[in-house]
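A.B. asks:
Number of protein chains: 2
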Amino acid sequence: MGGDHAPQATLEGARQALEQWPDLKLLLVGDEVRLREGLVQHGLTGPLESRFELVHAGSVVDFHDEPMAILKEKKDSSIRLAAQAVREGRADGMVSMGHTGAAMVASTLVIGKLPGVERPGLASLMPNLTGRPTVFIEVGANIDSRPEHLACFALMGAVFAEQVLGVAKPKVGVLSVGEEDSKGTTVTLEAAALLRDMDLNFLGNAEGRDIWNGRFDVIACDGFVGNVVLKSAEGMAKMVGQGLKGALMSSLRAKLGGWLVKPALGEFFKQLDYREYGGLPLLGIQGVSVIGHGSSNGHAVKNGIGAAIRAVEGRLHERIQARLSHLAPKG
Amino acid sequence: MGGDHAPQATLEGARQALEQWPDLKLLLVGDEVRLREGLVQHGLTGPLESRFELVHAGSVVDFHDEPMAILKEKKDSSIRLAAQAVREGRADGMVSMGHTGAAMVASTLVIGKLPGVERPGLASLMPNLTGRPTVFIEVGANIDSRPEHLACFALMGAVFAEQVLGVAKPKVGVLSVGEEDSKGTTVTLEAAALLRDMDLNFLGNAEGRDIWNGRFDVIACDGFVGNVVLKSAEGMAKMVGQGLKGALMSSLRAKLGGWLVKPALGEFFKQLDYREYGGLPLLGIQGVSVIGHGSSNGHAVKNGIGAAIRAVEGRLHERIQARLSHLAPKG
Chain A
7 MGGDHAPQAT LEGARQALEQ WPDLKLLLVG DEVRLREGLV QHGLTGPLES
57 RFELVHAGSV VDFHDEPMAI LKEKKDSSIR LAAQAVREGR ADGMVSMGHT
107 GAAMVASTLV IGKLPGVERP GLASLMPNLT GRPTVFIEVG ANIDSRPEHL
157 ACFALMGAVF AEQVLGVAKP KVGVLSVGEE DSKGTTVTLE AAALLRDMDL
207 NFLGNAEGRD IWNGRFDVIA CDGFVGNVVL KSAEGMAKMV GQGLKGALMS
257 SLRAKLGGWL VKPALGEFFK QLDYREYGGL PLLGIQGVSV IGHGSSNGHA
307 VKNGIGAAIR AVEGRLHERI QARLSHLAPK G
Chain B
7 MGGDHAPQAT LEGARQALEQ WPDLKLLLVG DEVRLREGLV QHGLTGPLES
57 RFELVHAGSV VDFHDEPMAI LKEKKDSSIR LAAQAVREGR ADGMVSMGHT
107 GAAMVASTLV IGKLPGVERP GLASLMPNLT GRPTVFIEVG ANIDSRPEHL
157 ACFALMGAVF AEQVLGVAKP KVGVLSVGEE DSKGTTVTLE AAALLRDMDL
207 NFLGNAEGRD IWNGRFDVIA CDGFVGNVVL KSAEGMAKMV GQGLKGALMS
257 SLRAKLGGWL VKPALGEFFK QLDYREYGGL PLLGIQGVSV IGHGSSNGHA
307 VKNGIGAAIR AVEGRLHERI QARLSHLAPK G
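Sequences listed follow chains A and B, in order.
Residues in the first sequence are numbered consecutively from 7, following our numbering.
Residues in the second sequence are numbered consecutively from 7, following our numbering.
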C-alpha cells in the first residue's frame, strides 16, 4: 500500500510479475477493499487468481509517520504485516515501495537480523558502462557506522555480488577521499584494516568516481555518506535529464535531431534507470526484503519482485550467514 | 607549474586573462627557463610583457608528493612561492592547477588562516538549471569536522555567495539525510543548532538532491562527504558523457541526429562544465586562493584567474573576517 502510486502501481507490477515468472506466488498485503477494486483493472483475473492471495492490512505507513510507528500505532500496517509473513515463513521475501525507514524497521525488527549482524545495510546497484553494476552499501541512512559495520556491509555486498549478480571474486573497496591507504577517517582506516584480514578480494580505498566506473564490484560506506551520494546522483540525473530535454527543444534543428536520437538515448538512459533494478536489497536480515522507490511504476514494482526472486533463489541470507559464521582472518 | 598540462595551459590561460582584464597584472611562478621558452608560443609578447613578471621556482610539487612537502623538501616549489607572494602582499591572490592538498597547505600555512577560522574550507560551485550555482563547502577532504567547523563553512559560503555571486540573503543549509530537523548525525544536528542562532538565512537540512536543484545557495558539509559527493558527480558526469557519445554513434540515424543536436547539447553541457568556473575558492584564509582542476586547459586557467579577480574585488576575505568578528546570536 505504500508508495506514490499505490495500490495501482503495485497491482500492475504484481500482474506483470505473475505473467513473467510462472512459478511465482504472491501475497498482496493491503486494504482488502481497495485491492479488490483494482484487481480487474490491472488484469489480476482468470487463471492468475489462483496464484495470489489478499492479506488485509488495516493501515498504511505514510510519508509523515515515524518509522517506529509500525511497532505502536500502526501495528496493522501493510509493511508490518508483509514482514510478519516473511518472519512466519508464509513468504520467502517482501517487496515494498513505501516509507523506506518503516520498511527498514519492519525488516530489521520483524523479520529479524541475522546472528552476527548488528546493522543490516541497504544496498544500491549503481550503473556504469561495463554493464555490471557496482553494489554500493550502505544508503539507508545507517549513520555513525563503526569500522566493523563497514566491514560487514562490504562482506554482505560481496555475497550479494556473487550470489545475485554472478560475480566471481568481487572486487571490494571502502569509500574514502583518496586511493592511498593512508587517506580516510579513523573509521574508514580501521575498516580497511579489518577487510584486509578477511577472506575477500579487497582492493583498498575507492573514491567517489569509482562508484561509476566499474573498477569495484562492491563499495562500502557509512549510511550518511551513501544516502547523500545516492540522493545527489538522483538529483543530478534529474537536472541533467531536464536540461537535455530543454536543450533538445531549444530550436527547430535541435528538435529534429532530438527526434532522431530519441531511440538511441532511450536505450542508454534505460541502462541508468533505477526502475530497471526495481529496488534496493536490505542485507543482513533473516529473509529477503527489497525496498523500492516511492515513485515506482508498475514496471519498477515488477522488477523489484524480480530482484526479490533472484535473492531468494540465490539463498542470499543463508549465504551471508554462512560467510559471517566463517569470519576469520585469512590463512 | 602544477597540473597535467603545465606550463602550457597556465601560460595560455595567463595570456587569455591578460587580454580579457586590461587592469590585471600577473606573477608567473615557476621554472624560469621553461616559462620563458613558452612565452612566444602562447602570445605573451609585445605590450603584454609589461603586465607580467616571472618568479623563479626551483621545484614543483607533483602528484606523488605529500602536501606537507612544501614545508620541507620543496620549500622552493612554485605553489609555495606563489603563496609567499600573497602573504607578502606582492600578489592579491593566487591561482593553481596542481596538487590540491599542497595548494591547501600552502594557502593555509603560508598565506595564513583568518583569525577565528580553525579550518579553511574549499568550496565548489555546483551547477543547476536556475543559472545560479550552489556553493557547496567543504570538498577538500577536511575530515571529521566538528559542528563549529560546519557552521563556519556555511558562514564563509554565505559571504562568498553575497560578495562574489551577488546573492542577497543567500539560503543556507546543512547537508543531511532528511529534510526534518531531527535527521542527521550528532555533528550535523549541533551545526544546525549553531546556524539557527547565527545571523544567516538558514533553512535547515539540505538533502543530496538539493545540491542540484537550486533550492539552496549554500550547502555546508564535512569535507569527507563533500569530497566524495564531488568526485562521485564528476565520475557520473564522465560516465554519462561517454555513454551519450556512444549512444549518438550507435546507428546512422543516431549519428545524423547527433550532428543536429550538437550545438544545443554543447550549450547545455557548457553550463555544467567545471572549467567555466575555473577553480575552487579556498575560504577562510588571509587572501585569495583559487584551486583548479589538474586537467585544466588554458580556458579553465583563465576562468580560474577570473574567479580570483572577483574574489579580490569582492574583498572576500575581509568580509569573511568582518562577519566572523560579529559572530553573535541573532536579536
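Every residue gets a Cβ at the ideal spot worked out from N, C-alpha and C, and that includes glycine.
From a predicted model like this one, the values you see are computed outputs, not experimental measurements.
Look at T163 (chain A) and A109 (chain A) and say whether their C-beta atoms are less than 8 Å apart.
C.D. replies: It should be pointed out that residue 163 (chain A) corresponds to Gly in this sequence rather than to Thr. Not in contact: G163 (chain A) and A109 (chain A) (Cβ atoms no closer than 8 Å).
A.B. asks: Any idea what DSSP makes of A212 (chain B), helix, strand or coil?
C.D. replies: Three-state result, A212 (chain B): strand.
A.B. asks: Interface residues of chain B around M2 (chain A) at Cβ under 7 Å?
C.D. replies: This structure leaves residue 2 (chain A) out entirely; chain A is present only between 7 and 337.
A.B. asks: Expressed to the nearest angstrom, what Euclidean distance is found between the alpha-carbon atoms of A88 (chain B) and F58 (chain B)?
C.D. replies: 14 Å
A.B. asks: Let me check understanding here. Comparing Cα to Cα, which of A:G293, A:F166, A:G284 lies closest to G9 (chain A)?
C.D. replies: A:G284
A.B. asks: In angstroms, rounded to a whole number, what distance separates the CA positions of Q14 (chain A) and H48 (chain A)?
C.D. replies: Looking at the two C-alpha atoms, the distance is approximately 8 Å.
A.B. asks: Give every residue of the same chain whose Cβ lies closer than 6 Å to the Cβ of L60 (chain B), excluding the five residues on either side of it in the sequence, and list them in chain order.
C.D. replies: Spatial neighbours of L60 (chain B) in its own chain (CB-CB distance under 6 Å, excluding positions within 5 residues in sequence) are listed in chain order as L34, E38, L41.
A.B. asks: Kindly indicate if chain D contains any beta-carbon less than 8 Å away from that of E25 (chain A).
C.D. replies: In the structure shown, chain D does not exist; the protein chains are A and B.
A.B. asks: What is the residue span of the beta strand (DSSP E) that V235 (chain A) lies within?
C.D. replies: Unbroken run through V235 (chain A) is the alpha helix (DSSP H), 229-253; no beta strand (DSSP E).
A.B. asks: Check each residue of the stretch 302-316 of chain B: if its Cβ is closer than 7 Å to any Cβ of chain A, include it; give the result in chain order.
C.D. replies: none
A.B. asks: What does G134 (chain A) touch in chain B if you count any residue whose Cβ is under 7 Å from its own?
C.D. replies: Looking at the sequence shown, residue 134 (chain A) is not Gly but Asn. Going along chain B in sequence order, the residues near N134 (chain A) (Cβ under 7 Å) are M245.
A.B. asks: Mind listing the chain A neighbours of N233 (chain B)? Cutoff is C-beta to C-beta under 8 Å, in chain order.
C.D. replies: At a beta-carbon threshold of 8 Å, the residues of chain A lying near N233 (chain B) are V183, G214, ordered along the chain.
A.B. asks: Mind checking which residues open and close the alpha helix (DSSP H) that includes L34 (chain A)?
C.D. replies: Run containing L34 (chain A): none in the alpha helix (DSSP H); it sits in the beta strand (DSSP E), 32-36.
A.B. asks: Compare the C-beta of L195 (chain A) against all C-beta atoms of chain B and say whether one is closer than 8 Å.
C.D. replies: Interface with chain B (8 Å Cβ-Cβ cutoff): L195 (chain A) is excluded.
A.B. asks: Leaving out five residues on either side along the sequence, give the residues of the same chain with a beta carbon under 6 Å from the beta carbon of L236 (chain B).
C.D. replies: Take L236 (chain B), set aside five residues on each side of it, and the residues of its chain with a beta-carbon closer than 6 Å to its own are S130, V145, in chain order.
A.B. asks: Between L330 (chain A) and the rest of its own chain, which residues show a CB-CB distance below 8 Å, the 5 nearest in sequence each way excluded?
C.D. replies: L120, P121, G122, V123, C158, L161
A.B. asks: In whole angstroms, give me the CA-to-CA distance for G300 (chain A) and V67 (chain A).
C.D. replies: Roughly 12 Å separates the two Cα atoms.
A.B. asks: Following the continuous beta strand (DSSP E) through H62 (chain B), name the residue where it begins and the one where it ends.
C.D. replies: 58-62
A.B. asks: Across the stretch 95-108 of chain B and the stretch 307-314 of chain B, are there enough close Cβ pairs to call them in contact, namely three or more that are closer than 8 Å?
C.D. replies: yes
A.B. asks: Indicate whether I143 (chain A) and A112 (chain A) have their beta-carbon atoms separated by less than 8 Å.
C.D. replies: No, the Cβ-Cβ distance between I143 (chain A) and A112 (chain A) is not below 8 Å.
A.B. asks: Taking the beta strand (DSSP E) that P287 (chain A) belongs to, which residues open and close that run?
C.D. replies: Where P287 (chain A) is concerned, the enclosing beta strand (DSSP E) stretches over 286-289.
A.B. asks: Of all the CB atoms in chain B, is at least one closer than 8 Å to the CB of I149 (chain A)?
C.D. replies: yes
A.B. asks: Taking N233 (chain B) as the reference, give the member of B:G107, B:L115, B:N303 with the closest Cα.
C.D. replies: Across the set B:G107, B:L115, B:N303, the C-alpha of B:G107 shows the shortest separation from the C-alpha of N233 (chain B).
A.B. asks: Can you give the Cα-Cα distance for E319 (chain B) and K31 (chain B), rounded to whole angstroms?
C.D. replies: 14 Å
A.B. asks: Helix, strand or coil: how does DSSP classify A226 (chain A) here?
C.D. replies: Residue state, collapsed to three classes: strand.
A.B. asks: With 8 Å as the threshold, decide whether the Cβ of T114 (chain A) is near any Cβ in chain B.
C.D. replies: no
A.B. asks: When the cut-off is 8 Å and only beta carbons count, does Y283 (chain B) lie next to chain A?
C.D. replies: no
A.B. asks: Could you tell me the alpha carbon to alpha carbon distance between A198 (chain B) and D223 (chain B), rounded to whole angstroms?
C.D. replies: Taking the straight line joining both Cα atoms gives about 16 Å.
A.B. asks: Answer yes or no: do S84 (chain B) and A97 (chain B) have a C-beta to C-beta separation smaller than 8 Å?
C.D. replies: no
A.B. asks: Closest Cβ-Cβ distance between A260 (chain A) and chain B: below 8 Å?
C.D. replies: yes
A.B. asks: What residue does the alpha helix (DSSP H) around I297 (chain A) start on, and which one ends it?
C.D. replies: Note, I297 (chain A): premise wrong, no alpha helix (DSSP H); beta strand (DSSP E) at 294-297.
A.B. asks: Looking at the C-beta of T140 (chain B), does it have a partner C-beta in chain A at a distance below 8 Å?
C.D. replies: no
A.B. asks: In angstroms, rounded to a whole number, what distance separates the CA positions of E213 (chain A) and P53 (chain B)?
C.D. replies: 46 Å
A.B. asks: Could you give the residue range of the beta strand (DSSP E) that holds V46 (chain B)?
C.D. replies: Run containing V46 (chain B): none; DSSP gives neither H nor E here.
A.B. asks: Check whether the stretch 262-277 of chain A touches the stretch 166-186 of chain A, taking contact to mean three or more Cβ pairs, one atom from each stretch, closer than 8 Å.
C.D. replies: The stretch 262-277 of chain A, when compared against the stretch 166-186 of chain A, does not touch it at the 8 Å Cβ threshold.
A.B. asks: With a 10 Å radius around its C-beta and 16 neighbouring C-beta atoms as the bar for buried, classify L250 (chain B) as buried or exposed.
C.D. replies: buried
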